[in-house]
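Peer 1: Below is a structure I'd like to ask you about.
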Amino acid sequence: MGDSRNLTFPETGPSIINGVCSHVQCAVVLTSGRPVIIESYVEKMDALVAAWLPGTEGPWMTDVLIGDYGFTGKLPRTWFKSLDQLPMNVGDAHCDPLYPFGFGLNTEPVAANN
């Protein structure tokens, strides 16, 4: 998403999420250098992967999404719900994030059934 003064999804993001995630199980991979406002779309997703800006290491996503490798991910920052919450720091009185600092999970590889 590069440099932007806007912290919302790019124009095509919402239409893709609404169109695809309403018909099939849907894992959304978000590539962005920062959190963006996604609260209204989260319930439509079965999974969300914040890939940040993976560069040449991006192909790892395929391996974990299809289950060849376990997934480990923890947020390196707090993910806000709206612009009204900014600036947001852990421990702030108004800190009610969409996802708190350190939120994430670990999974095991999926064993193939023969």
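With UniProt numbering, the residue at position 23 of the sequence shown is 23, and numbering never jumps. Don't be surprised by glycine CBs; every beta carbon is placed ideally from N, CA and C.
1. So what does DSSP say about V90, is it helix, strand or coil?
2. Around the Cβ of I66, are there at least 16 other Cβ atoms within 10 angstroms (buried) or fewer (exposed)?
3. Comparing C-alpha positions only, which one of V24, N106 and G13 sits nearest to V36?
4. Which residue marks the beginning of the beta strand (DSSP E) containing V29, and which one marks its end?
5. Leaving out five residues before and five after L30 in sequence, what residues of the same chain have Cβ atoms less than 6 angstroms from its Cβ?
6. Please classify W79: is it buried, with 16 or more other beta-carbons within 10 angstroms of its beta-carbon, or exposed?
7. Counting only the same chain and skipping the five closest in sequence on each side, list residues whose C-beta sits under 6 angstroms from that of L53.
8. For N106, report the span of its beta strand (DSSP E) as first-last.
9. What would DSSP say about W60, mapped onto helix, strand or coil?
Peer 2: Reading from the atomic positions:
1. The residue given as residue 90 occupies position 90 in the sequence shown. Coil at V90, not helix or strand.
2. For the purposes of this step, residue 66 is taken as residue 66 along the sequence shown, with counting starting at 1. I66 should be labelled exposed.
3. Translated into positions along the sequence shown, residue 36 becomes position 36. Selected option, being the one with the closest Cα: G13.
4. Residue numbering aside, residue 29 sits at position 29 when the sequence shown is read from its first letter. First-last of the beta strand (DSSP E) with V29: A27 to L30.
5. The count along the sequence shown starts at 1 and reaches residue 30 at position 30. Contacts found: A50.
6. Against the sequence shown, residue 79 aligns to sequence position 79. The residue in question, W79, is buried, as its Cβ has 16 or more Cβ neighbours within 10 Å.
7. By 1-based counting over the sequence shown, the position of residue 53 is 53. Answer for L53: G33, listed in chain order.
8. The count along the sequence shown starts at 1 and reaches residue 106 at position 106. Counting along the chain, the beta strand (DSSP E) containing N106 begins and ends at G104 to N106.
9. In the sequence shown, the residue the question calls residue 60 occupies position 60. Reduced to three states, the DSSP call for W60 is helix.
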